[in-house]
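Q: Letter by letter, the sequence shown follows residues 1 to 311 in the UniProt record's numbering.
C-beta: ideal position from N, C-alpha, C; glycine also.
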Amino acid sequence: MTAKVGQRFGNKYEVKEVINRRDSTVSVYIATDIETQEEVALKLSSDYYKLKREARFYRSQVQTLEGFPSLKWFWKEKHRNGAYGVLAMDLLGPSLDSLMEKTKKGEFSLKTTLQIMDQVITRIQALHECQWIHRGIKPDNFCIGPIGSKSEGVVYLIDFDDVYQYISPYGNHFRDWGDNQGNRNWTSLAVDEGRQTIRRDDMESAGYMAVYFLKGWLPWHGHSYHHSHSTMGYKKDTSLDDLCEDLPQEFITYLAYCRSLAYTQQPDYDYCRRLFRQVFEREGFRDDGVCDWMAPQSVGESEKLRPTFLR
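#1: Give every residue of the same chain whose Cβ lies closer than 6 Å to the Cβ of Leu255, excluding the five residues on either side of it in the sequence, and list them in chain order.
#2: Ends of the beta strand (DSSP E) at Ile121?
#3: Along the alpha helix (DSSP H) that carries Ile252, what are the first and last residues, could you check?
#4: Is the beta carbon of Asp192 sitting closer than 8 Å to the one on Arg184?
#5: For residue 316 and Ser70, what's the separation of their Cα atoms in angstroms?
#6: Less than 7 Å between the CB of Leu127 and some heavy atom of the ligand SAM, yes or no?
#7: Taking the C-alpha atoms as reference points, what is the distance between Gln7 and Leu91?
#8: Determine the direct distance from the alpha carbon of Tyr212 to that of residue 312, and round the result to whole angstroms.
#9: Distance check for Cys244 and Trp73, CA to CA, integer angstroms please.
#10: From Cys272, Thr238, Met203, pick the residue whose C-alpha is nearest to that of Tyr263; which is it?
#11: Below 8 Å on the Cβ atoms is my guess for Gly145 versus Gly93; work out the distance and round it to an integer in Å.
#12: Within the same chain, show all residues whose beta-carbon is closer than 8 Å to that of Ser224, passing over the 5 residues directly before and after it, in chain order.
#13: Would you mind working out which of Asp287, Glu14, Ala41, Asp33 sits nearest Val26, comparing C-alpha positions?
#14: Does the distance from the CB of Glu107 to the CB of Gly216 come in under 8 Å?
Now the structure itself:
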């Protein structure tokens, strides 16, 4: 599903620039409000009902939570082949993955990684406390606020088209008998083995992100797109000691803890944050909120840091 520059939707938003074309069904654009000239991220999907479900999720669950983008507008656009959905959201800054790739070394510093993980765990906790799991935790699905804005140091969790409600209001855990979700580069060992995604799996995926930020790669990268079984096998055969070689012990402790959680067990989010915070304190880092991408000499030219909202 694509749109042209200058195309208008609902006589409210006008497309200005392409951000991302995920596939033939989903595309994302920078658009402006025709009246106010405010820039937004505009997501188009040929799966109208799936996008409608995502819009409903934003309205009912995370609209007012810190570190989650706000829904501004949802529209059903008629088409000769049916209808498609149009979703207008806050326009955020680059994804963590694109920020990391643009650093001189292709990786984040330990200080920045620890600051990111503190926020990542908090975002996942907030989502879980709303009784939902993400099922797609990866660097592409975390963005910062707009470059140069007051929220440039804020990490946002995005892309909720595969979220799943894991528990009922009465405390009963649901069973999802559908296909397990997620990119095999980031899914947990349990999900790779065919088990249903649950809270522990979001947390384990976050741990892989932390290692990736510091090393710039994971041992099983390069196998996923056409060789998912090779990826899963490589991941299973990689010990935590090897995965976290040369990293603080707390990284091993974190991943081992996530893998030890029972199916219905709630992660101890405070404990997980403490693991990374004690590394931060031991290293004597200054808690100033300054991250690698805020240093021009680290990231490079600011015009290269384009928004990557909703990859």
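A: Quick answer:
#1: Gly207, Leu240
#2: Taken as a continuous stretch (DSSP letters only), Ile121 belongs to no beta strand (DSSP E), being part of the alpha helix (DSSP H) at 110–129.
#3: 249–260
#4: yes
#5: With the chain represented from 1 up to 311, any question about residue 316 goes unanswered, as that position is not in the structure.
#6: As presented, the structure is devoid of all ligands, the ligand SAM included, so that no description of it is given.
#7: 18 Å
#8: In the structure as shown, the chain begins at 1 and stops at 311. Residue 312 is therefore absent and cannot be evaluated.
#9: 43 Å
#10: Met203
#11: 6 Å
#12: Note that Ser224 scores a pLDDT of 47, beneath 50, so its modelled location is shaky and nothing firm can be said.
#13: Ala41
#14: yes
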